[in-house]
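Numbering (this note's numbering), first residue to last: 38 to 322.
Backbone N, C-alpha and C fix where the C-beta goes; we use that ideal spot for every residue, glycine too.
Reviewing the structure listed below.
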Amino acid sequence: MVAACGGNAASDDSSSPATPVSLRQSDMLVLEVQPIQVCDDTGFICAQVEFFEAITDKIWSQANIDVEFLPLNQLNDSTYLTTDEDEFLDLSFSGNPGDFGRHPDSTEDSGPINLWFVDVIETTTGLIQYGNAWIGLNGILISDDILDFNNGLGRIDVIAHELGHNLGLRHSTFGAGPAENLMSSGLDRTVPESIDDIFPDGDGLSTLTSEQIEVARTSRFLTDAEADESLPAIAAADAIPQEAPPILLASTSPTPIAVPDASPSLLTWLLVLPLGQKVYSRINR
Ligand SMILES: [Zn+2]
Numbered sequence: 038m039v040a041a042c043g044g045n046a047a048s049d050d051s052s053s054p055a056t057p058v059s060l061r062q063s064d065m066l067v068l069e070v071q072p073i074q075v076c077d078d079t080g081f082i083c084a085q086v087e088f089f090e091a092i093t094d095k096i097w098s099q100a101n102i103d104v105e106f107l108p109l110n111q112l113n114d115s116t117y118l119t120t121d122e123d124e125f126l127d128l129s130f131s132g133n134p135g136d137f138g139r140h141p142d143s144t145e146d147s148g149p150i151n152l153w154f155v156d157v158i159e160t161t162t163g164l165i166q167y168g169n170a171w172i173g174l175n176g177i178l179i180s181d182d183i184l185d186f187n188n189g190l191g192r193i194d195v196i197a198h199e200l201g202h203n204l205g206l207r208h209s210t211f212g213a214g215p216a217e218n219l220m221s222s223g224l225d226r227t228v229p230e231s232i233d234d235i236f237p238d239g240d241g242l243s244t245l246t247s248e249q250i251e252v253a254r255t256s257r258f259l260t261d262a263e264a265d266e267s268l269p270a271i272a273a274a275d276a277i278p279q280e281a282p283p284i285l286l287a288s289t290s291p292t293p294i295a296v297p298d299a300s301p302s303l304l305t306w307l308l309v310l311p312l313g314q315k316v317y318s319r320i321n322r
């Protein structure tokens with residue numbers, strides 16, 4: 038079962054408003070992200086890529102977490118330009134380390150977070166979605182609709198939000214729910230229009246509560262800043278684009294990689310908008 042990102046009333050959370058807290062004195066932690074650009078089989082038609090790194094960093098600096106994007110990998114497989122839930126499961130967990138553009142050091146619950154940029158996140162309802170992430174596990178799916186600012190669809194905080202899911206945060210726990218909280222569902226959340234709207238500036242948006250910060254900082258995906266400095270050589274080697282073995286899906290289906298609690302309930306859908314027709318119109322773009 039997927040968790041709808043915007044369907045629930047926020048009343049339950051309104052009694053405990055999220056309160057931004059000043060950073061407690063603790064060590065800087067690093068969250069590495071392995072971005073993967075999905076392209077068609079020829080490698081010429083690709084999903085758009087934008088890290089929003091400064092924005093993501095500013096948001097997570099509330100938790101003293103530095104988000105570091107590794108060199109971009111490329112996955113040439115037309116199948117995944119439009120990715121549904123089952124395909125996201127394959128991208129995230131099937132095959133061997135390094136498959137599907139994943140970082141070779143990534144596991145289900147440690148190492149760099151693998152983040153795929155795709156054209157469309159397909160749903161059973163046919164509605165459009167911006168992002169998708171496993172709660173507490175490795176894997177993010179981002180639709181390039183987050184860049185569709187000309188049509189009013191652009192959103193600059195989606196990557197930061199999805200990373201929060203990987204770090205164990207949900208839409209209605211630890212103070213999420215209010216419009217200004219980063220982890221509130223897409224329909225409840227006020228999305229900052231620029232980096233100047235993000236806490237502690239401007240409208241004070243994309244906040245994290247002290248509870249959310251405490252929980253996120255316990256994640257195994259985080260490494261300390263000192264250890265991270267010894268890794269640049271590995272990161273550089275991974276910049277080489279990788280292609281997914283075309284036979285992988287068929288060969289792995291009988292013996293899927295074990296996914297802890299791999300029920301669809303772990304999957305969270307960021308935002309649903311009544312723009313289903315657009316999903317299919319984009320396939321031929
Ligand atoms: Zn979400």
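A straight-line Cα-Cα distance of about 11 Å links residue 178 and residue 159. Residues of the same chain with a CB within less than 6 Å of the CB of residue 168, apart from the 5 flanking positions on each side, are 179, 195, 199, 307 in chain order. Residue 91 counts as exposed, since fewer than 16 other beta carbons sit within 10 angstroms of its beta carbon. In the DSSP assignment, residue 201 falls outside any beta strand (DSSP E) and lies within the alpha helix (DSSP H) extending over 195 to 203. Leaving aside the five residues that flank residue 143 on each side, the residues in its chain whose CB is nearer than 8 Å to its CB run, in chain order, 71, 134, 149, 150, 151, 175. Secondary structure remark: continuous alpha helix (DSSP H) runs of at least 4 residues inside the stretch 188 to 261, in chain order: 195 to 203, 247 to 253. Between residue 183 and residue 205 the beta-carbon gap is near 23 Å, outside 8 Å, which marks them as no contact. Boundaries for residue 123: no beta strand (DSSP E) harbours it, while the alpha helix (DSSP H) harbouring it runs 122 to 130, taken from the DSSP string. Between the alpha carbons of residue 117 and residue 85 lies a distance of about 13 Å.
The C-alpha of residue 228 is placed about 16 Å away from the C-alpha of residue 181. For residue 99, the closest C-alpha among the options 244, 258, 248, 260 is that of 244.
Shown here, residue 184 sits in a helix according to DSSP, grouped into three states. As the crow flies, the alpha-carbon of residue 127 is around 33 Å from that of residue 216.
Straight through space, the alpha carbons of residue 96 and residue 239 are spaced by roughly 13 Å.
Taking residue 138 as the centre and dropping the five residues before and after it, the same chain places the C-beta of 73, 110, 112, 279 closer than 6 Å to its C-beta, in chain order. For residue 170, the enclosing beta strand (DSSP E) begins and ends at 168 to 171. In the DSSP assignment, residue 102 falls within the unbroken beta strand (DSSP E) covering 102 to 106. Rounded to whole angstroms, the Cβ separation of residue 69 and residue 107 is 6 Å, and the two are in contact under 8 Å.
The shortest C-alpha to C-alpha distance from residue 262 to any of 76, 104, 77, 80 is the one to 104.
The DSSP-derived three-state label of residue 74 is strand.
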